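Each remark here refers to the structure printed beneath this line.
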Amino acid sequence: MAHGPALIEQIAQRAELARDRSGGAGIELDFTTPQGWLTRHPVLSGGDRLDEETRSRTAAAIVAVPGTGGVVWQGGKPDGEGTLGGAGQRSVHCQEDVEAIVKARSIRFNEASASIDPASEKLLDEVAIALKPCVGGIIAITGHTDSAGDEGANLALSKARADAIRWALIGRGIPADGLRAAGKGSSEPIEGLDPADPANRRIEFSVIATMPLKPTPIDTPGPS
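Residues in the sequence shown are numbered from 0 upward in steps of one, following numbering that gives the first Met the number 0.
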């Protein structure tokens, strides 16, 4: 089974075929979020000369493609099964819940390492629970460091720590294809703090364009 970019490319090809078969020539499909992350929720645009029946039929055909969680018309609302109103509210609530958790307690790592401190395991359990209502969208995990030491090493460490959190969340039931890890090094200190302040060492979570996925042959686990 394909994963990551290959999976999205596979879904996009099938979605474009479904569009063409439904008479939706001229409708463009974009499988990336405004932040540049790959997503299974394409944004549809164009096709302005098509009547509403054809546009609706095309959107429904794309939604029916295995692996596609729903579609959004550019500048409009989600369309298709599994993309009912309120997705934006779920995204906001997930974001707020996770921020409240990590604001009260920091995810800790072993010194100069991407190895998660065992004392943070329970905290990660709580983060995973808070994120589960947002499964189906894109969850960005970003690592940050302070400015002490070599910036190249800081950048690598921040990325490695974000990757470690990603794998920890996968182990707690958050689907891998919805998690994105990035490292910023010391380039984005907390506003008001000196870049060298250790408090800049942190992991941030951003819930992007969340929409619940309907089960599909790609999403549903096979027989054990």
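Glycine included, every Cβ here is placed at the ideal spot set by N, Cα and C.
All values reported here derive from a predicted model rather than from experimental measurement.
Contained beta strand (DSSP E) runs [length at least 3] in the region 11-65, N- to C-terminal order: The region 11-65 contains these whole beta strand (DSSP E) runs: 26-31, 37-45.
Residues bridged to S225 [DSSP beta-bridge criterion]: Residue 225 cannot be examined here, being either before or after the span of the chain that is shown, 0 to 223.
Euclidean distance between Cα positions of T82 and A58: The predicted position of T82 is uncertain, since its pLDDT is 38 and thus under 50; no value can be drawn from it.
Cα-Cα separation between I137 and S205, rounded to whole angstroms: Taking the straight line from one Cα to the other gives about 8 Å.
I173 - DSSP class collapsed to helix/strand/coil: coil
Three-state secondary structure (DSSP) of L192: coil
Residue burial classification, R226 (beta-carbon count within 10 angstroms, cutoff 16): This structure does not reach residue 226, given that the chain is present from 0 up to 223, and the question cannot be answered.
The alpha helix (DSSP H) enclosing A129, as first and last residue numbers: 120-130
Cβ shell of F108 (< 7 Å), same chain only, five flanking positions each side left out: S114, I115, D116, R160
Nearest-angstrom Cβ-Cβ length linking V134 and G177, presumed shorter than 8 Å: About 6 Å; that satisfies the 8 Å criterion.
Contact the region 186-203 vs the region 140-147: 3+ CB pairs below 8 Å: yes
Nearest-angstrom Cα separation, counted from I189 out to E171: The question names Glu, but residue 171 in the sequence shown is Arg. The straight-line gap from Cα to Cα measures roughly 29 Å.
Same chain, Cβ closer than 7 Å to P4, five either side skipped, listed in chain order: L37
Delimiting residues of the beta strand (DSSP E) encompassing V70: Start and end: 70-72.
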